[in-house]
Every structure is written in structure tokens, then in C-alpha cells.
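In the UniProt record's numbering, the protein residues as written are 1 to 213. In what follows, a structure is listed as C-alpha cells, so that the remarks can point back to it.
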């Protein structure tokens, strides 16, 4: 496998980076104007540098300009609470994964790579339609059919919980201190948004994160 990793700099995609480092030829971060992109991409760049893996950032400024989501800089305040709460739907960026995967598949074929790796997981499914197995499988079929060499889209954690991913990361010595999750994009993790709460639960017992709350 010669892979392109869609790499946010968060704990899930960083675990993928560690686990598949020998197969990853290129890591790509997408800056789509979220409140936390600037923070997390710094970690993505540094982790790739440490592994000697090429990293690029592709800007998708049109999403911040035209899309509606509280996750974006042009949106409202980030809601507090658990991912299971109804208000977390305010953080949906419409078809975000579909857009990023489309670009990644085209870039992978341009670079003569055969696989795109994505770090979505089971905990995302409740509110994010483009993280669900049904979407990933359908997109993977389209990517294979729509590319000359039949690019594969692989989501190794799609059916795992974030806790299970964290335990994989622990077993392969992922430095979770060099990852970022907070949707508010502050210097310290806020500890109150959905992704901070999920991070706390996943890393319980070995969490190096400093939270505001």
C-alpha cells in the first residue's frame, strides 16, 4: 500500500500516522476555516516532520465563506456538551468529508498512490452523516470506479470507538500530547465542547492534555 493520509492533527488521524507510517507517502491537511484548524495543523506538520513524511496543507476557503456551521470561523459559538446532545449538530460542516475525500483521491492518483486513509470513527456516526460506514463504503466504490488505477479509500477505525482508537495509540506509543482536538481553537483545550469531552473519555487514565475545565 502506498497511501495518502488525510491528516487533521487530531488524536485519531495521528494514531493512523503512527500505525501506517511505513505505507504513508503523503499526508494532507485541509484548512477549511474551522476555529481549530490553525492549532491542529501545527501538530500535523510537526508529527510528519518527525517521521520524515511529506506534508501539505490545502486551503478550502470557500467552505468558510459559503457554508453554514458553528465549527467555522464565520459561524456562531461552539456548543458545549456531549456528542450525543442535539446541539452538537450545529458543528456539522455539510459534506466536509466528501469534499476532502474527492480532493484526496484526485491527488493520490496524481501522485501515483493507490490508497487514501481516513481516520473517522464510530463515535462520529450519530451526528455526522459523512462519517458513517454507509457513506464511506459508497464513496470508496465511487472512487474506485472513477479513477484509472482504482484508488482505494480505507477507513480502519470506522467501526471502532474513540476509546478503542486511544488504546491502539497507547499500545504503539502515540504521543497524544502532540495532538489537538478542541473545537474552540484555544491555546488550552476548553474541556467543555463535544470533542474535548470525547477526548477526555477516550484518554482516561493516560491523558496528557491540559484543559481549561
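Glycine included, each C-beta is placed from N, C-alpha and C at the ideal position. If you're wondering where the values come from, they're calculated on a predicted model, not measured in any experiment.
DSSP-derived helix/strand/coil call for residue 165:
Locating residue 165 in the chain shown gives position 165, counting from the first residue. In the three-state scheme derived from DSSP, where H, G and I count as helix and E and B as strand, residue 165 is classed as helix.
Where does residue 121 fall in DSSP's three states?
Within the chain shown, numbered from 1, the residue matching residue 121 stands at position 121. Of the three classes helix, strand and coil, the one that applies to residue 121 here is coil, per DSSP.
Grab the span of the beta strand (DSSP E) containing residue 29 for me, first residue to last.
Taking the chain shown and counting its residues from 1, one reaches residue 29 at position 29. First-last of the beta strand (DSSP E) with residue 29: 24-31.
Just the C-alpha distance for residue 112 and residue 2, rounded to the nearest angstrom, thanks.
Within the chain shown, the letter at position 112 stands for residue 112. Within the chain shown, the letter at position 2 stands for residue 2. Rounded to whole angstroms, the separation of the alpha carbons of residue 2 and residue 112 is 8 Å.
Got a sec? Which residues, its chain only, sit under 6 Å from residue 166 by beta carbon, not counting five neighbours each side?
Translated into the one-based positions of the chain shown, residue 166 becomes position 166. Closer than 6 Å at Cβ, skipping near neighbours: 202 and 203.
Within 8 Å, do at least three Cβ pairs link the segment 37-49 to the segment 151-159?
no
Own chain, CB closer than 7 Å to residue 172, minus 5 neighbours either side, in chain order:
As a first step, residue 172 must be located in the chain shown, where it is residue number 172. Result list for residue 172: 18 and 19, in chain order.
Alpha carbon to alpha carbon, how far is residue 211 from residue 170? Give it in angstroms, no decimals.
Residue mapping note: residue 170 aligns to position 170 of the chain shown, counting from 1. Residue mapping note: residue 211 aligns to position 211 of the chain shown, counting from 1. Approximately 20 Å between the Cα atoms of the pair.
Answer yes if the segment 129-147 comes into contact with the segment 44-59, meaning at least three C-beta pairs across the two stretches below 8 Å, and no otherwise.
no
Residue range of the alpha helix (DSSP H) that residue 59 falls in?
The residue you call residue 59 lines up with position 59 of the chain shown. Run containing residue 59: none in the alpha helix (DSSP H); it sits in the beta strand (DSSP E), 54-59.
Compute the Euclidean distance between the alpha carbons of residue 91 and residue 67, then round it to the nearest angstrom.
Here residue 91 is taken as the residue at index 91 of the chain shown, counted from 1. Here residue 67 is taken as the residue at index 67 of the chain shown, counted from 1. Spanning the two alpha carbons is a distance of roughly 11 Å.
Cα-Cα separation, residue 54 to residue 4
Taking the first residue of the chain shown as position 1, residue 54 is located at position 54. Taking the first residue of the chain shown as position 1, residue 4 is located at position 4. The alpha-carbon atoms of residue 54 and residue 4 are separated by roughly 10 Å.
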